[in-house]
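*Asks:*
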Amino acid sequence: MPRQTVYHADIEYLQILDAEGRLDESLAAGTLSDADVKSLYEHMIVCREFDDQAFKLQRSGRMGTFPQNKGQEAATLGSARALRKGIDHIVPYYRENPALFLHGLPMHYILLHWMGDERGNAIPRNLAINPLGLAIGTQTLHAVGIAWAARLRKEDRVVIVYFGDGATSTGDFHEAMNFASVLKAPIIFCCLNNGWAISVPCGKQTASQTFAQKALAYGMPTIQADGNDLFAMYKVTRDAVDRARAGGGPSFIEAMTYRLGDHTTADDAGRYRPAEELAAAVGRDPLVRTRKYLEGRNLWDAQRQSAAEEKAKALIHEVVQVAQNVPKPATADIFDYVFAEMPEDLARQKRTLRTDSIGQDPSQIGLNPPIEKEPEQRAGAALVDAGCGDISSVPE
Amino acid sequence: MPRQTVYHADIEYLQILDAEGRLDESLAAGTLSDADVKSLYEHMIVCREFDDQAFKLQRSGRMGTFPQNKGQEAATLGSARALRKGIDHIVPYYRENPALFLHGLPMHYILLHWMGDERGNAIPRNLAINPLGLAIGTQTLHAVGIAWAARLRKEDRVVIVYFGDGATSTGDFHEAMNFASVLKAPIIFCCLNNGWAISVPCGKQTASQTFAQKALAYGMPTIQADGNDLFAMYKVTRDAVDRARAGGGPSFIEAMTYRLGDHTTADDAGRYRPAEELAAAVGRDPLVRTRKYLEGRNLWDAQRQSAAEEKAKALIHEVVQVAQNVPKPATADIFDYVFAEMPEDLARQKRTLRTDSIGQDPSQIGLNPPIEKEPEQRAGAALVDAGCGDISSVPE
Amino acid sequence: MPKLDLVGAINLALSQEMQRDDRIVILGEDVGLNGGVFRVTDGLQKRFGCDRVVDTPLSESGIIGTSIGLAMAGMRPIPEIQFEGFLGPAYDQIVNQAARCRSRTRGAFTCPMTIRVPIGGGIHAPELHSDSPEAIYAHTPGLKVVMPSRPYDAKGLLISAIRDPDPVIFFEPKRVYRSFKEDVPEAEYTIPIGKAAIVSEGTDLTLITWGAMVSECLQAIDQLEEASVELIDLRTIYPVDVETIVQSVTKTGRAVVVHEAPRTGGFGAEISALIQERCFLSLQAPVQRVTGFDVAMPYYKLEKQYLPDAERIGRGMVDCLRY
Amino acid sequence: MPKLDLVGAINLALSQEMQRDDRIVILGEDVGLNGGVFRVTDGLQKRFGCDRVVDTPLSESGIIGTSIGLAMAGMRPIPEIQFEGFLGPAYDQIVNQAARCRSRTRGAFTCPMTIRVPIGGGIHAPELHSDSPEAIYAHTPGLKVVMPSRPYDAKGLLISAIRDPDPVIFFEPKRVYRSFKEDVPEAEYTIPIGKAAIVSEGTDLTLITWGAMVSECLQAIDQLEEASVELIDLRTIYPVDVETIVQSVTKTGRAVVVHEAPRTGGFGAEISALIQERCFLSLQAPVQRVTGFDVAMPYYKLEKQYLPDAERIGRGMVDCLRY
Ligand SMILES: Cc1ncc(C[n+]2csc(CCOP(=O)(O)OP(=O)(O)O)c2C)c(N)n1
Ligand SMILES: Cc1ncc(C[n+]2csc(CCOP(=O)(O)OP(=O)(O)O)c2C)c(N)n1
Ligand SMILES: [Mg+2]
Ligand SMILES: [Mg+2]
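Residue numbers (this note's numbering), protein chains in the order written: chain A, 33 to 428; chain B, 33 to 428; chain C, 6 to 328; chain D, 6 to 328.
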């Protein structure tokens, strides 16, 4: 066979609801009901309010660095809506709060995390959610492992892992895609292409025309979707879930969305991002489009809007209170969760709050009183029960 | 744009000389001359003999583990022949001796390397060759850096990096492919798909149908070639060189070849490789095919064959002698090349050949005589001049 | 009682534990049909099937990263990294992910896994096949680091590691793999992580080591006539059994630590620091370190020159004794 | 003479060296237009162009691996790793490739590069943005490890690092980035790698530290009335300036080492081991280590509890003095 084509691929793009709120009815068939869209839109409002308030918390010094989700609500909610709550497992990176809230994560957990409190990662056991991760790309491998475990145990469970455009450059992403396809793991790789990795635009991140085509390297089914379109995101995720449940292994989704805010509160996108680009993106805001759609179907109006905004404000206010009222963690916590059983030497460090040997064994000099420990409040369990801020209403 | 194709790709396969030694004349136009093929075939014979003798060295305990190239001669020589000696830079992994020899590496360097002697990596400065590497995948990034440097300095230089099918699973391979394409580095990624990564067959290494398609993830031109076909390998490499020199950036080549030996001398492929598979591959041996071709054109016959084999035997015998006669390296060498300038503490270790403080400073106890150092032979430079075993005859 | 070498003892422990606990999955490069490049997993895929003994792609980060996911999901992965030199690509997943899993989630997620890794020099292997990176992982809170020196210990320690609720790196000294056989009971037994062994008792000097250096130390002791040496085989690098060390050095007043890794920042530094902290008034001489030099592990023609041997250890002891 | 903070001093050194040597290329995530997340490379891309200050894809192994290639090819790369927590993915290229380049080729290939990395805690940063992995790299033959504690030293040390013919990791303590300004000459000067600084002289106890802990130590000394303390700022972790330490401890007879990293296997162990080896007969008390605890670096609500502070250092000194 001297010269011949041995491989061929096409990649499709899907949009169902356009930026003007117009729906492609035929493509929309069997996707989201009116009630679904209304409820998801209400979630969007809540999440946007959460973002705003989190931003203020940081600015007023009550919270550390925070990455807003602003602009990516449809991508995260549309995809998460296609998963079964408490069954299908969500592995986030750090920007997909709406998906986690939809699947039941009490909202103050996310605030706690960014307030520098590990208890924000102590996800309640009844939820199928992994904690936020900070090292870009690493979580994709964990997600593959979780999906693989489900396959090994013959559980009917699909995993979705979220990551950004920047994450596709990491070695871990590559190894995860490869493992998933070789192992036929029931997993969905959802790439939230928001145009930027901090200050690096997609054009400097990759020379490929789409992120979707990265999946071809692994023989993995792949598609590009309008990430600001709830319908398209729901549909492509649903297809991927169905494929995985039928034993078809992993899928890749590139969600074309946009980061409407700075990278995080520590960033100033004004330094690198063209103003026109942002302006154009604002026109594709998923909240605007979803509202137009609902209004076009007479399911929404200005009054409902302000009612929803009021409700969101009240809810988030409460969430912020809860997060702020969580008692400071005990110093003991830094020692108590290193291992299931504490090695003797570490116990000594905990007991004395010293690492110097004389300080740890004052009998050596017989002079220094041991340091008084602070009164302790213990981590974890209690918090879980607070259960505040669960905005979830997805049927199981 | 509701649903549409946003990306499309085809990958071609090229074969010019088939397993029976039949040439596709039209595809062969402008590739290798009769003289080229004859000379390359003579190289093949030498390299096969090298492999055999290296194997024996290991088996008789005179050398450590050795990975044979056997079966991959056309893939390495055909590609390397398309590069300009001393200009275009070769970054090998550990199995591409023929390419290195063709570009002027004295053959005993490779033996020294596998005899556990770093001086085998002290490549003469006039050669554009990197030393062998052992950590799979890592060298692909070094190659991109070298190519990038050429671009930055506006040098007319192309880099080729070799790696196996297994290497495509490493994170470093992915990052290298991505960097190369984003940086438009003048580099050729040559994947020597020999069917196996030790005991892991390609089907367990990746779920993709070809390795060539992995390049699509980076928007990189890519092709699959019959790796046992000198003409095809020369042609696809030549095209890639031309593209790189014209500013077109990186290219990917999947060379379909086969590992006729065990993975290394430490391996026993009988444990995992189906006998029929090996038998079929023997039929595609590049030496057999090239000889048939030459014989068909009356450029070769049994007499020439035995003359070439004799010559190869004599040459390799000499190479082995040279390698074995290299004096044992001096202990000082392990200290002398850690840094350009030796830190005082390391100098003390070198002086005393001790790490214990009392031993390093016998005055502390005044009892122990300092250890006598062995007489020293110094590394590096001298060897380079030996210049033995250069079988290269590629025009610059 | 069967006489087994280190490879056999580890293989036995793996197969008994897999039999006992079906959450265990072995994964790594060439661990399946090939039985691992050292044959440590020989026969296990045949016995337990391709789902439980898995040949992975060539991706160390992938092996550890997916193991973390398996562990989080309730499995008990036993990843193999083919050689210690290939731990590098997995370093991030081990140190920044696996080791912190319990701590960063306040116990909500845990990461029970046993990472098996051949370690050390002396077998004429190529580059990156002869290193000794144990100190790196001992400096990583959340990880336990184990290194048996003999078949009997290997079986008992490996079973403890596999059952441990936290991640354990289990280093297997290559040089010991086939070096000798000893009685290894078929019956189940464990050796606790964190307990050193006193290999030989003595009164004049404490010699502390681990892994393949145990036998070099025994040789050195054999050749030393002038003194009575207590040899401690740490067996666990972290958490280190400081009590056993302190007791011994309090008695002997002198200590020499031996390891293959380079001296600077090696685990010998920690042992030395601990001893001078805890035995200050008993010490008759400074704690000595007989270790690899502060150079890249040489290729094998010079590996003997790099590695501590009985002679160098002997000189270290003599000098320490005469101080 | 301009008063500069640490960020300013490093920026100045970078720009002067780039001006002097056109083989220098800066590469990393967000180092270009954005000037780095800490603004350390601010303005450099504008001044030297997009070919010399390069925003790379998000790939730490890629950043270091391509830097190795650049260096082999005669360039002088200065890669930036955005935070020490992201050194992990580059560990293999740094430790197993860059550090061994000269040694494994007997000098035929070399790898001159300066890896700039923000390090350490205390700024309320998220996870993996507050670690102190210097001991890991100090245990890597072939690497030099530098960590300035002040703007003046940073400029001089960075220039030395850039001109060094071997790979250097240049750790920049984040907590010092903006904490104070001092006179930093515009004119060229270098500070040699491998020389510690005596920050304050004293006679009763030697306090040894590096990076952001220098100012905690100064505070602790301020608050300590009963004794005269000699404070040594290592500045270079490897090769460590053992002579300066030994001279001081021989004089004072007591030593305390302070660092942010966890105690076990931290570089304090090496310092402690060296001191007891070289100053055995002068020591009046065991060398003490006041360090981070053997736990994963906590999230920021508890980072103060983890990090050594003036009070903890003070207690360490007092106890050592009273021993
Ligand atoms: C391994 C690693 N390297 C660097 C960083 C620093 N960093 C944090 S976010 C980020 C950009 C991520 O971009 P992308 O993946 O597109 O996600 P986005 O923030 O745009 O949602 C970088 C470089 C990190 N967190 N992890
Ligand atoms: C990072 C790394 N992991 C594991 C190994 C051990 N190892 C040596 S060769 C090899 C297989 C390589 O296969 P491939 O890339 O196909 O090259 P081939 O040997 O077939 O030419 C493995 C796993 C290694 N050298 N480097
Ligand atoms: Mg992004
Ligand atoms: Mg192969």
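All C-beta atoms, glycine included, are put in the ideal place defined by N, C-alpha and C.
Using 10 angstroms around the beta-carbon of D:Arg57, count the other beta-carbons present and answer buried if the total reaches 16, otherwise exposed.
*Replies:* Looking at its Cβ environment, which holds 16 or more other Cβ atoms inside 10 Å, D:Arg57 is buried.
*Asks:* Quick one: measure Cβ to Cβ for D:Cys106 and D:Ile73, integer angstroms, because I've assumed they're closer than 8 Å.
*Replies:* Contact holds; Cβ gap of about 7 Å.
*Asks:* Can you confirm whether B:Tyr73, when its beta carbon is compared against all beta carbons of chain F, has any partner nearer than 9 Å?
*Replies:* Absence of chain F from the displayed structure is noted, the protein chains being A, B, C and D.
*Asks:* Here's the rule I'm using: 16 or more other beta-carbon atoms within 10 Å means buried, otherwise exposed. How should A:Glu428 be labelled?
*Replies:* For A:Glu428, the predicted model reports a pLDDT of 37, less than 50, meaning its position is unreliable and no value from the coordinates is stated.
*Asks:* With a Cβ-Cβ cutoff of 9 Å, do A:Ile142 and A:Leu134 count as a contact?
*Replies:* In this structure, A:Leu134 does not lie closer than 9 Å to A:Ile142 by Cβ.
*Asks:* For chain D, is any of its Cβ atoms less than 9 Å away from the one on C:Tyr96?
*Replies:* At least one chain D Cβ lies under 9 Å of C:Tyr96.
*Asks:* In the structure shown, what three-state DSSP assignment does A:Ile142 receive?
*Replies:* Note: A:Ile142 maps to helix in three-state DSSP.
*Asks:* Ligand 2 and A:Thr387: does any heavy atom of the ligand fall closer than 8 Å to the residue's C-beta?
*Replies:* Outside the cutoff, so no.
*Asks:* The alpha helix (DSSP H) that contains A:His174, what's its start and end?
*Replies:* Its alpha helix (DSSP H) spans residues 170-184.
*Asks:* Would you list the one or two residues that DSSP bridges to D:Lys149?
*Replies:* Partner(s): D:Val173.
*Asks:* Residues bridged to A:Phe195 by DSSP?
*Replies:* Beta-bridge pairing links A:Phe195 to A:Cys223.
*Asks:* Assuming C:Ile318 contacts C:Val263 (C-beta within less than 8 Å), just tell me the rounded distance between them.
*Replies:* Contact flag correct, Cβ pair sits at about 6 Å.
*Asks:* Do you know how far the Cα of A:Glu150 is from the Cα of C:Arg111?
*Replies:* Taking the straight line joining both Cα atoms gives about 6 Å.
*Asks:* At a cut-off of 8 Å, is B:Gly196 close to ligand 2 when judged by its beta-carbon and the heavy atoms of the ligand?
*Replies:* Checking the Cβ of B:Gly196 against ligand 2 gives yes.
*Asks:* Give a yes or no on whether 9 Å exceeds the smallest Cβ distance from D:Arg294 to chain C.
*Replies:* Yes, its Cβ sits closer than 9 Å to a Cβ of chain C.
*Asks:* In the structure shown, what three-state DSSP assignment does D:Gln24 receive?
*Replies:* D:Gln24 falls in the helix class under three-state DSSP.
*Asks:* Would a check of beta-carbon distances place B:Leu166 closer than 9 Å to chain C?
*Replies:* By this cut-off, B:Leu166 is an interface position.
*Asks:* What residues in the segment 46-67 of chain B have a beta carbon less than 7 Å from any beta carbon of chain A?
*Replies:* So the close ones are Leu46, Gln47, Ile48, Asp56, Leu59.
*Asks:* Out of A:Phe82, A:Tyr73, A:Asn225, A:Ala208, point me to the one whose CA is closest to A:Ile219's CA.
*Replies:* Residue A:Ala208 is the option with its Cα nearest to A:Ile219.
*Asks:* Alpha helix (DSSP H) containing C:Met334: first to last residue?
*Replies:* Nothing can be reported for residue 334 of chain C, as the shown portion of chain C is limited to 6 through 328.
*Asks:* How many angstroms separate the CA atom of A:Ile255 from the CA atom of A:Lys246?
*Replies:* So the two alpha carbons sit approximately 10 Å from each other.
*Asks:* Any heavy atom of ligand 2 closer than 8 Å to the Cβ of B:Ala313?
*Replies:* B:Ala313: no, Cβ never under 8 Å from ligand 2.
*Asks:* Would A:Thr172 count as contacting chain C if we go by Cβ distances under 9 Å?
*Replies:* Yes, contact with chain C.
*Asks:* Between the segment 133-144 of chain D and chain C, which residues of the former have CB atoms less than 7 Å from a CB of the latter, in chain order?
*Replies:* Correct list: Leu133, Ala140, Ile141, Ala143, His144.
*Asks:* Quick check on this structure: which residue in D:Tyr243, D:Ile226, D:Ser108, D:Gly93 has the alpha carbon closest to the alpha carbon of D:Leu236?
*Replies:* Minimum Cα distance to D:Leu236 is reached at D:Ile226.
*Asks:* Residues bridged to D:Gln293 by DSSP?
*Replies:* DSSP, once it has assigned bridges, lists D:Val261 as partnering D:Gln293.
*Asks:* Under three-state DSSP, which class holds B:His75?
*Replies:* If DSSP states are grouped into helix, strand and coil, B:His75 belongs with the helices.
*Asks:* Report the rounded CA-to-CA distance for D:Leu9 versus A:Leu173, giving the unit in angstroms.
*Replies:* Straight-line Cα distance between these residues: approximately 43 Å.
*Asks:* Let me confirm a value: C:Gly33 is counted as buried when at least 16 other C-beta atoms fall within 10 Å, else exposed. Which label applies?
*Replies:* Classification of C:Gly33: buried, given that the 10 Å Cβ count is 16 or more.
*Asks:* What's the gap between the Cα of B:Trp146 and the Cα of D:Thr257?
*Replies:* Looking at the two C-alpha atoms, the distance is approximately 52 Å.
*Asks:* Tell me whether B:Trp228, by its Cβ, gets closer than 8 Å to a heavy atom of ligand 2.
*Replies:* B:Trp228 Cβ: within cutoff of ligand 2.
*Asks:* Using a Cβ-Cβ cut-off of 7 Å (strictly less than) and excluding sequence neighbours within five positions of A:Asp300, which residues of its own chain qualify?
*Replies:* Within the same chain, A:Asp300 has close Cβ partners Asp294.
*Asks:* Using 8 Å for Cβ pairs, my map puts B:Ala107 next to B:Leu224. What's the rounded Cβ distance?
*Replies:* With a Cβ gap of about 5 Å, B:Ala107 and B:Leu224 count as contacting.
*Asks:* Is A:Phe367 close to chain D? Criterion is C-beta to C-beta, closer than 9 Å.
*Replies:* So, interface residue.
*Asks:* Assuming C:Ser64 is part of the beta strand (DSSP E), what are its boundary residues?
*Replies:* Element bounds for C:Ser64: n/a, residue is neither H nor E.
*Asks:* Taking all protein chains shown into account, do 16 or more other C-beta atoms lie within 10 angstroms of the C-beta of A:Asp317, making it buried, or fewer, making it exposed?
*Replies:* Counting Cβ neighbours within 10 Å, A:Asp317 comes out buried, since at least 16 surround it.
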